[in-house]
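Those protein sequence lines, which keep their order, are chains W and X. Read in order, the letters of the first sequence correspond to residues 0 to 551 in numbering that gives the first Met the number 0. Read in order, the letters of the second sequence correspond to residues 0 to 187 in numbering that gives the first Met the number 0. Where is the CB? At the ideal position from N, CA and C, for every residue including glycine.
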Amino acid sequence: MPTITIDGKQLTVDEGKTVIQAAEEAGIYIPRYCYHPGLRIVGQCRICLVEIEKMPKLQVACYTRVQDGMVVHVNSEKAKRARQQVLEFLLVNHPIDCPVCDQAGECYLQEYYMQFGLYDPKMVEDKNKKHKAVPVGPHVVLDSERCILCTRCVRFCDEISKTSELGVFHRGDHAELLPYPGRTLDNPYSANVVDICPVGALTERDFRFKVRVWYLDETKSVCPGCATGCNIEIHTSKARPYKNEGRRIARLKPRYNPDVNDYWICDYGRYGFLFVDDDSRIEQPLVKQNGEFQELSWDDALQMVSGVINTALENGKAVRILGSAQMTNEDLYALKRFGNEVLETHDIPVTVKPLEKPYSDDFLIREDKNPNTRGAALLGFDTEPAATEKLLTACRNGEVYTLIIFHHDLFKGFAEDEVKAALDKVDSVIFVGSNLNPTAELASYVLPSCTWAEKDGTFTNYAGRVQKINEAIEPLEGSLPEWKILRRLARQFDHTFAYFEAEDVFRDIVKKVPAFTGMSYRALGDRGMLVSENGRSVQQAEVKEELTVVSK
Amino acid sequence: MNVHDKYKPLSWWDKTYIPLVIDGLAVTLRHFFRNIRLHILNVIGIKTKERGAVTYQYPEEMRPLWPRTRTLHRLMRREDGSPRCVACMMCETACPARCIYIVAEERPEVQIEKQPKIFNIDLGKCVFCGYCVEACPEDAIRMDTGIIDIASYTRNGMLLTKEQLLNIEPKVENYVSRPDLMEGQPIY
Ligand code: SF4
Ligand code: SF4
Ligand code: SF4
Ligand code: SF4
Ligand code: FES
Numbered sequence: 000m001p002t003i004t005i006d007g008k009q010l011t012v013d014e015g016k017t018v019i020q021a022a023e024e025a026g027i028y029i030p031r032y033c034y035h036p037g038l039r040i041v042g043q044c045r046i047c048l049v050e051i052e053k054m055p056k057l058q059v060a061c062y063t064r065v066q067d068g069m070v071v072h073v074n075s076e077k078a079k080r081a082r083q084q085v086l087e088f089l090l091v092n093h094p095i096d097c098p099v100c101d102q103a104g105e106c107y108l109q110e111y112y113m114q115f116g117l118y119d120p121k122m123v124e125d126k127n128k129k130h131k132a133v134p135v136g137p138h139v140v141l142d143s144e145r146c147i148l149c150t151r152c153v154r155f156c157d158e159i160s161k162t163s164e165l166g167v168f169h170r171g172d173h174a175e176l177l178p179y180p181g182r183t184l185d186n187p188y189s190a191n192v193v194d195i196c197p198v199g200a201l202t203e204r205d206f207r208f209k210v211r212v213w214y215l216d217e218t219k220s221v222c223p224g225c226a227t228g229c230n231i232e233i234h235t236s237k238a239r240p241y242k243n244e245g246r247r248i249a250r251l252k253p254r255y256n257p258d259v260n261d262y263w264i265c266d267y268g269r270y271g272f273l274f275v276d277d278d279s280r281i282e283q284p285l286v287k288q289n290g291e292f293q294e295l296s297w298d299d300a301l302q303m304v305s306g307v308i309n310t311a312l313e314n315g316k317a318v319r320i321l322g323s324a325q326m327t328n329e330d331l332y333a334l335k336r337f338g339n340e341v342l343e344t345h346d347i348p349v350t351v352k353p354l355e356k357p358y359s360d361d362f363l364i365r366e367d368k369n370p371n372t373r374g375a376a377l378l379g380f381d382t383e384p385a386a387t388e389k390l391l392t393a394c395r396n397g398e399v400y401t402l403i404i405f406h407h408d409l410f411k412g413f414a415e416d417e418v419k420a421a422l423d424k425v426d427s428v429i430f431v432g433s434n435l436n437p438t439a440e441l442a443s444y445v446l447p448s449c450t451w452a453e454k455d456g457t458f459t460n461y462a463g464r465v466q467k468i469n470e471a472i473e474p475l476e477g478s479l480p481e482w483k484i485l486r487r488l489a490r491q492f493d494h495t496f497a498y499f500e501a502e503d504v505f506r507d508i509v510k511k512v513p514a515f516t517g518m519s520y521r522a523l524g525d526r527g528m529l530v531s532e533n534g535r536s537v538q539q540a541e542v543k544e545e546l547t548v549v550s551k
Numbered sequence: 000m001n002v003h004d005k006y007k008p009l010s011w012w013d014k015t016y017i018p019l020v021i022d023g024l025a026v027t028l029r030h031f032f033r034n035i036r037l038h039i040l041n042v043i044g045i046k047t048k049e050r051g052a053v054t055y056q057y058p059e060e061m062r063p064l065w066p067r068t069r070t071l072h073r074l075m076r077r078e079d080g081s082p083r084c085v086a087c088m089m090c091e092t093a094c095p096a097r098c099i100y101i102v103a104e105e106r107p108e109v110q111i112e113k114q115p116k117i118f119n120i121d122l123g124k125c126v127f128c129g130y131c132v133e134a135c136p137e138d139a140i141r142m143d144t145g146i147i148d149i150a151s152y153t154r155n156g157m158l159l160t161k162e163q164l165l166n167i168e169p170k171v172e173n174y175v176s177r178p179d180l181m182e183g184q185p186i187y
């Protein structure tokens, strides 16, 4: 293993690493545009120039492999001056229209210019005009004037999405990034190029002009879009609510987790948050009177619902539950307790097989669109779709008096008359969910729950990795997390669930369910932990925080 | 040496304060008669260069505004009449009173790209610090209208919209155009 010296720090790194990676290990940040740890190295932008002793010229840190005895100077006068000049070259044809550029605030041209820009530019020629505001795909806008031709996006489309839509055309200072003729940047991962573009050449269509990035708050979370459970950051616009058309969530961004999604997320997940501030959100408990929903208070609603359940129980009639794998482990555990202790039902199905087979691939997108099916299975729920079919058959045969449905829209999984026939036979249907759907319309009682962005909890992904989600925005007024709803409902039957926050439920899970042994919110950290097959969970090495720009 | 030594002890006559009261009244009367004289002369058109009391008869008479005085905001237009503002939200970010509300939209000309759909300033909150003017990279917002009589019976009346801000008629005449001519004049 070679030992090298970087800016006076000596360290031993693995064979085959490049100088930029070694420096990162030493805690020294070298500016970069084309280098991205998730992509092939091309050494194209030259912003990473460093001085290496015994080499006649400056070398690119991203492409030069470390060799034993190498002495690297990152911050020598010569290297600093060279990077300043490279930055000046990159700006020769750059429009510098930061006021209208969505990247401003998280732009690496701005970032480095503040650090080592040549504040007295020597360039007097007119700038080249190129294409502006070209919608290159359903999610991405291209401004090729701003592009610095680092080809990160080109490599992403070649290596990660493997769709190769983008290329660099023409030569010299007419070189321009464009989609290949007749192609659009339309693939299930297309918006990732926006994240990796170090400048404002590629920006999001959905986010365009909505909020300035420095107004955003960030919360770590996990995508609820499918069983992969990609790590994300929820960017919210809370301080200036008049922006973003009143939507509280401004955008989702991928969060690095080498065990799950690396640097990427799919577009379905990225734009799957729109339901959070949708008009279909339920804001108050509802009861159906003469075919119309009436709003009522939580106290009244819980009393009515528990009355219905009580009547059924007292007359020895069946009360059944259809849970959902959209719920967190905490919600499901509370549901399990509610089922076992209050209703004394033990088989609770949670999955509905969709009529249309959903899109999936062998990279991130999985067929199971629920984030917590594995967690439901571990907590003792029946995750076979056949169980739901059986439940509906029981309903159709008049064996179920009261049915509590969580989240599901049954019409997505069963034929219309099948659902209607089943629900007609049920005396009262209670729907618990965040948004109204056709199934909820048929219910007699509707209790509003909050969405994944509005609560704390954990999801267990398909591989058994338990990951933490955090409250990014306050629950919509009138909505509660499911475990709270169940706690309050259980209270009506004189059962006390002694939980005050989601963490209390999780502690209980850890105590009672062997697969979760040894976990806590703290131990889960940012990368999550694998559930244990044999009573011992697998602790992951702490991920090193990605180096932030160090000013020098 | 005791610092109090330099004060002479007051005599009993001084301690009655009568001489000081007379002194004070004399000053007041001197100003009174000077002002009366000058005001009367000014009204009949004599000695207009020399003015009486410092008091301005606002609102009948505008106080001359020094060129740097920050007055009501206005939004500037381009040559074609469209707003110069590109909704970069720098002013909104800089504003310490958080009284600027901007929502951006797409602009038809692709070279400019962006324009404000909503641009409201809540003058009820504004502290007239001028940071918004300072922050603007486009010189799109200015505080040079010479309008200082901003009042309303309702809070909503204090909220100026984009259209209002774009159509404000500046009263430049309220500003001192030649500060040098004001030499020797009281500007408070
Ligand atoms: S890419 Fe960066 S430097 Fe260029 S206009 Fe956008 S924010 Fe400004
Ligand atoms: S569009 Fe962005 S990522 Fe692609 S080459 Fe240009 S600067 Fe690099
Ligand atoms: S003058 Fe100051 S307080 Fe008033 S709008 Fe401008 S920045 Fe805000
Ligand atoms: S700073 Fe200027 S250009 Fe930017 S939003 Fe404010 S007025 Fe418009
Ligand atoms: S980061 Fe090394 S050449 Fe671009």
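1) What's the call for W/T547, buried or exposed, on a 16-neighbour Cβ count within 10 Å?
2) Look up W/S427 in the DSSP assignment and give the residues it is bridged to.
3) Cutting at 8 Å between CB atoms, please list the residues of its own chain near W/R506, excluding the five before and the five after it.
4) Determine the burial state of X/L9: buried for a count of at least 16 other Cβ atoms within 10 Å of its Cβ, exposed for fewer.
5) Under a CB-based cut-off of 8 Å, is X/C87 close to chain W?
6) Might you give, ordered along the chain, the residues of its own chain that have their beta carbon closer than 6 Å to the beta carbon of W/A375, omitting 5 neighbours on each side?
7) Roughly how many angstroms lie between the CA atoms of W/G7 and W/E24, to the nearest whole one?
8) I need the DSSP call for W/K511, collapsed to helix, strand or coil.
9) Identify every residue that forms a DSSP beta bridge with X/Y174.
10) Nearest by alpha-carbon distance to W/C146: which of W/K424, W/C61 and W/A174 is it?
11) Which residues in chain W sit within 7 Å of X/K124, going by Cβ to Cβ distance?
12) Flag this pair as yes or no: are the beta carbons of W/Q283 and W/G477 separated by less than 8 Å?
13) Could you check if X/I140 is buried or exposed, using at least 16 other CB atoms within 10 Å of its CB as the buried criterion?
14) For W/V99 and X/K113, which I take to be in contact (beta-carbon distance under 8 Å), what is that distance rounded to the nearest angstrom?
15) Using a C-beta to C-beta distance shorter than 7 Å, which residues of chain W count as neighbours of X/Y100?
16) Can you pull the chain W neighbours of X/K113, defined as C-beta to C-beta under 7 Å?
17) Near W/E340, what residues of its chain come up, given a Cβ to Cβ distance below 8 Å and the 5 sequence neighbours on each side ignored?
18) Here's a check: name, in chain order, each residue in its chain whose Cβ is nearer than 6 Å to the Cβ of W/K287, leaving out the five neighbours to either side.
19) Look at the alpha carbon of W/G534 and the alpha carbon of W/P384, and state the distance between them as a whole number of angstroms.
20) When you compare the region 72-87 of chain X with the region 104-123 of chain X, are there three or more beta-carbon pairs, one atom per stretch, that lie closer than 8 Å?
21) Is the closest heavy atom of ligand 3 to the C-beta of X/E127 under 7 Å?
22) Who sits around ligand 5, taking every residue whose Cβ is closer than 7 Å to one of its heavy atoms?
23) At a Cβ cut of 9 Å, what residues of the region 365-383 of chain W count as close to chain X, listed as they run along the chain?
24) Rounded to the nearest angstrom, how far is the Cβ of W/K237 from that of W/I468, given a contact under 8 Å?
25) When we look at the beta-carbon of W/G136 and count the other beta-carbons within 10 Å, is it buried (16 or more) or exposed?
26) Would DSSP call W/H234 helix, strand or coil?
27) Find the nearest neighbour of X/C131 within the set X/I39, X/L74 and X/L24, judged by alpha-carbon distance.
28) Is there at least one Cβ from chain X nearer than 8 Å to W/R204's Cβ?
29) Is any beta-carbon of chain X found at less than 8 Å from that of W/R211?
30) Is it the case that the region 449-459 of chain W contacts the region 415-424 of chain W, given that we only count it when at least three CB pairs across the two stretches are under 8 Å?
31) Let me confirm a value: W/M113 is counted as buried when at least 16 other C-beta atoms fall within 10 Å, else exposed. Which label applies?
32) Between W/F380, W/V425 and W/A414, which has its C-alpha nearest W/G397's C-alpha?
33) Between the region 85-102 of chain W and the region 42-56 of chain W, can you find at least three pairs of beta-carbon atoms closer than 8 Å?
34) Strictly closer than 6 Å from CB to any heavy atom of ligand 1: give me those residues in the order they appear in the chain.
35) Report back the beta-carbon spacing between W/A333 and W/R486 to the nearest angstrom; my notes put them in contact at under 8 Å.
36) Verify the contact flag: X/P115, CB atom, against every heavy atom of ligand 3, threshold strictly below 7 Å.
Based on what the coordinates show:
1) On the first sequence, residue 547 of chain W is found 548 positions in, with the first residue counted as 1. For W/T547, the predicted model reports a pLDDT of 47, less than 50, meaning its position is unreliable; a value from the coordinates is still stated below. With fewer than 16 other Cβ atoms within 10 Å, it is exposed.
2) Numbered from 1 along the first sequence, position 428 holds the residue referred to as residue 427 of chain W. W/S427 pairs with W/T401.
3) Start at 1 with the first residue of the first sequence, and residue 506 of chain W comes out as number 507. The answer, listed in chain order, is S519.
4) Position 10 of the second sequence, counting from 1, holds the residue named residue 9 of chain X. Answer is exposed; the Cβ neighbour count stays below 16.
5) Taking the first residue of the second sequence as 1, we reach residue 87 of chain X at position 88. Interface residue, yes.
6) Within the first sequence, numbered from 1, the residue matching residue 375 of chain W stands at position 376. Counting only Cβ-Cβ distances below 6 Å, and skipping sequence neighbours, we find A324, L331, V349 and T382.
7) Mapped onto the first sequence, residue 7 of chain W falls at position 8. Mapped onto the first sequence, residue 24 of chain W falls at position 25. Rounded to the nearest angstrom, the two C-alpha atoms are 14 Å apart.
8) Residue numbering aside, residue 511 of chain W sits at position 512 when the first sequence is read from its first letter. Looking at W/K511 - three-state DSSP - the assignment turns out to be helix.
9) As a position in the second sequence, residue 174 of chain X is number 175, starting the count at 1. In the DSSP output, where bridge partners are listed per residue, X/Y174 has X/L64.
10) Here residue 146 of chain W refers to the residue found at position 147 of the first sequence. When only C-alpha atoms are compared, the closest one is W/A174.
11) As a first step, residue 124 of chain X must be located in the second sequence, where it is residue number 125. Residues of chain W passing the Cβ test: none, with the nearest at roughly 14 Å.
12) As a working mapping, residue 283 of chain W is identified with position 284 in the first sequence. As a working mapping, residue 477 of chain W is identified with position 478 in the first sequence. Less than 8 Å separates the beta-carbon of W/Q283 from that of W/G477.
13) Counted from its first residue, the second sequence places residue 140 of chain X at position 141. Buried is the call here.
14) Position 100 of the first sequence, counting from 1, holds the residue named residue 99 of chain W. Position 114 of the second sequence, counting from 1, holds the residue named residue 113 of chain X. Between X/K113 and W/V99 the Cβ distance is about 4 Å, and since that is below 8 Å, they are a contact.
15) Sequence index remark: in the second sequence, residue 100 of chain X carries index 101 (1-based). In chain order: Y241.
16) Here residue 113 of chain X corresponds to residue number 114 of the second sequence, with the count starting at 1. Neighbours of X/K113 on chain W, chain order: V99 and F208.
17) In the first sequence, counting from the first residue as 1, residue 340 of chain W sits at position 341. If we look at W/E340 and ignore the five residues flanking it on each side, its Cβ neighbours are A489 and H494.
18) Against the first sequence, residue 287 of chain W aligns to sequence position 288. These residues qualify, in order along the chain: S443.
19) Locating residue 534 of chain W in the first sequence gives position 535, where the first residue counts as 1. Locating residue 384 of chain W in the first sequence gives position 385, where the first residue counts as 1. Residue placement at W/G534 cannot be trusted, given a pLDDT of 45 that sits under 50; what the coordinates show is reported in the next sentence. In a straight line, the C-alpha of W/G534 is about 28 Å away from that of W/P384.
20) In this structure the region 72-87 of chain X touches the region 104-123 of chain X; the number of beta carbon pairs closer than 8 Å is three or more.
21) In the second sequence, counting from the first residue as 1, residue 127 of chain X sits at position 128. This sequence places Phe at residue 127 of chain X; Glu is not what is there. Result yes, Cβ under 7 Å from ligand 3.
22) W/I19, W/R31, W/Y32, W/C33, W/Y34, W/G42, W/Q43, W/C44, W/R45, W/I46, W/C47, W/V59, W/A60, W/C61, W/Y62 and W/C149
23) Result list empty, no residue passes.
24) Within the first sequence, the letter at position 238 stands for residue 237 of chain W. Within the first sequence, the letter at position 469 stands for residue 468 of chain W. About 18 Å separates the two Cβ atoms, so there is no contact after all.
25) Counting from one through the first sequence, the residue named residue 136 of chain W turns up at place 137. With 16 or more Cβ atoms within 10 Å of its Cβ, W/G136 is classed as buried.
26) Residue mapping note: residue 234 of chain W aligns to position 235 of the first sequence, counting from 1. Strand at W/H234.
27) In the second sequence, residue 131 of chain X corresponds to position 132, counting from 1. Answer by Cα proximity: X/L74.
28) Position 205 of the first sequence, counted from the start, is the residue given in the question as residue 204 of chain W. By this cut-off, W/R204 is not an interface position.
29) Here residue 211 of chain W refers to the residue found at position 212 of the first sequence. Yes, W/R211 counts as interfacial toward chain X.
30) no
31) Residue 113 of chain W sits at position 114 when you count from the first residue of the first sequence. By the 10 Å Cβ count, W/M113 comes out exposed.
32) Position 398 of the first sequence, counted from the start, is the residue given in the question as residue 397 of chain W. Of the candidates W/F380, W/V425 and W/A414, the one whose C-alpha sits nearest the C-alpha of W/G397 is W/V425.
33) yes
34) Checking every Cβ against the heavy atoms of ligand 1 under 6 Å gives W/H93, W/I95, W/D96, W/C97, W/C100, W/Q102, W/A103, W/C106, W/L108, W/Q109, W/R145, W/V198 and W/G199.
35) Taking the first sequence and counting its residues from 1, one reaches residue 333 of chain W at position 334. Taking the first sequence and counting its residues from 1, one reaches residue 486 of chain W at position 487. That belief holds up - the Cβ atoms of W/A333 and W/R486 are roughly 6 Å apart, short of 8 Å.
36) Start at 1 with the first residue of the second sequence, and residue 115 of chain X comes out as number 116. Flag unset: Cβ of X/P115 not near ligand 3.
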